[in-house]
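For reference, the structure discussed in these notes is given below.
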Ligand code: ARG
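In our numbering, the protein residues as written are 6 to 406.
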């Protein structure tokens, strides 16, 4: 039997190699995808997998695909879970799951395995994606099965088998990072009242220690996709790297939130996503000038459903495709520039322009050159207010007319 096992080189997945081969008498193929996590040394990860018992180790640079096929569609859809979380983890899982299934089929494995816990969202995302894409594959979740219920037990298990362990007792955090963001949980942050310790952050500087003053950048979008900073056209991955660095230096993009997990519990998660946060802000601003009111308002509702669907692990389900078709249609004219001022801890939009702008300064102005027909407002209010006049009269006991 062959099992393809999602492998990051961290504690859980390192222990999974010997555990899976012992319990299933299986040949282990590890799979590692680079989504832009800062510790992704693919060659070192491959070497470690092979040195600790894997028969084969597959590694892929998925950054470009991740950004263009997952992150940018989420950006176009305005997908922020519960209004805040840009969902780097929720977006990463479907792509990793897809590659796990593909590798399993290519290499004749009948099962895939992941290192998600039984309490989290990621098991849902991996498994529903696999059910959509390769329903014949068995999915194994060792963390839901094994006897190693504490980190100490896992560490002891790894040490007995001579596997080098990446975590130390002083930093008990669970971290998931990629180019779209970083999530940090556990440790003292399980107390909702406790401020996240200063050493947990990876992508952002402490806003209190950010450079003085501010810096201004212009972000350009082409049909909803960011493609340039200050006029310089950049490939997707470089654009994100550059914006993460710039906004991260000013401590922009920190989110401390309590969220509702799919499995029914609330959890506290601390996020960083400098580029994601700035891009969502800028993209939303551009939509404000190019979308008509009805579409703009409707899209805000779709955004919420789209975000929940992504969060809930339904990326490969039919509703995502249908909503994405709507979203794509709305992006036809989301082309233009947004100027953003970045200073300690925050980004602020200071200008926006588009060849498709629906803003008409003749209509909007309060100065000379006003083209708005003020007289028409009177008739408009006569009818627009009709039902409220009726309601008001009845409420005051004066009858309907
Ligand atoms: N709560 C986030 C989600 O469900 C992130 C999960 C991973 N977090 C972590 N710290 N390992 O998408």
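All C-beta atoms in this analysis are idealised placements derived from N, C-alpha and C, irrespective of residue type, glycine included.
DSSP places residue 357 in the uninterrupted beta strand (DSSP E) bounded by 351 to 358.
The Cβ neighbour count for residue 19, taken over all protein chains shown within 10 Å, is at least 16; the residue is labelled buried. A check of alpha carbon separations from residue 88 across 264, 348, 341, 349 identifies 264 as the nearest. In the pairwise beta carbon analysis, the stretch 243 to 253 is classified as not touching the stretch 148 to 156: fewer than three pairs are separated by under 8 Å. Each of 317, 31, 303 was checked against the Cα of residue 332, and the nearest Cα belongs to 303.
Residue burial annotation: residue 144 is buried, with at least 16 other C-beta atoms found within 10 angstroms of its C-beta. In this structure residue 284 is in contact with residue 80, their Cβ atoms being roughly 6 Å apart against a cut-off of 8 Å. Not one heavy atom of the ligand ARG lies closer than 8 Å to the C-beta of residue 11. In the DSSP assignment, residue 187 is bridged to 182, 277. The Cβ atoms of residue 68 and residue 96 do not sit closer than 9 Å to each other. A distance filter of 5 Å between CB atoms and the heavy atoms of the ligand ARG selects the following residues in sequence order: 94, 95, 126, 179, 181, 188, 190, 274. Within the same chain, and ignoring the five residues on either side of residue 349 in sequence, the residues whose Cβ sits closer than 7 Å to its Cβ are 212, 215, 255, 256.
When the Cα atoms are used, residue 279 and residue 182 turn out to be separated by approximately 12 Å. Judged by their CB atoms, residue 166 and residue 131 are not nearer to each other than the 9 Å cut-off. Note on geometry: alpha-carbon atoms of residue 319 and residue 188 lie some 20 Å from one another. In the DSSP annotation of this structure, the continuous segment of the beta strand (DSSP E) that includes residue 10 starts and ends at 7 to 11. DSSP places residue 94 in the uninterrupted alpha helix (DSSP H) bounded by 93 to 111. For the pair residue 36 and residue 133, the CB atoms are not nearer than the 9 Å cut-off. Judged by pairs of C-beta atoms under 8 Å, the stretch 220 to 236 touches the stretch 343 to 363, as three or more such pairs exist. With a contact defined as Cβ atoms closer than 8 Å, residue 117 and residue 105 qualify at about 5 Å. The three-state reading of DSSP puts residue 127 in helix, counting H, G and I together. Look at residue 58 here: in three-state DSSP terms it is coil, with no helix or strand label. C-alpha of residue 372 to C-alpha of residue 364: approximately 16 Å in a straight line. For residue 386, the secondary structure class from DSSP, reduced to helix, strand or coil, is helix. Here DSSP, grouped into helix, strand and coil, assigns residue 90 to strand.
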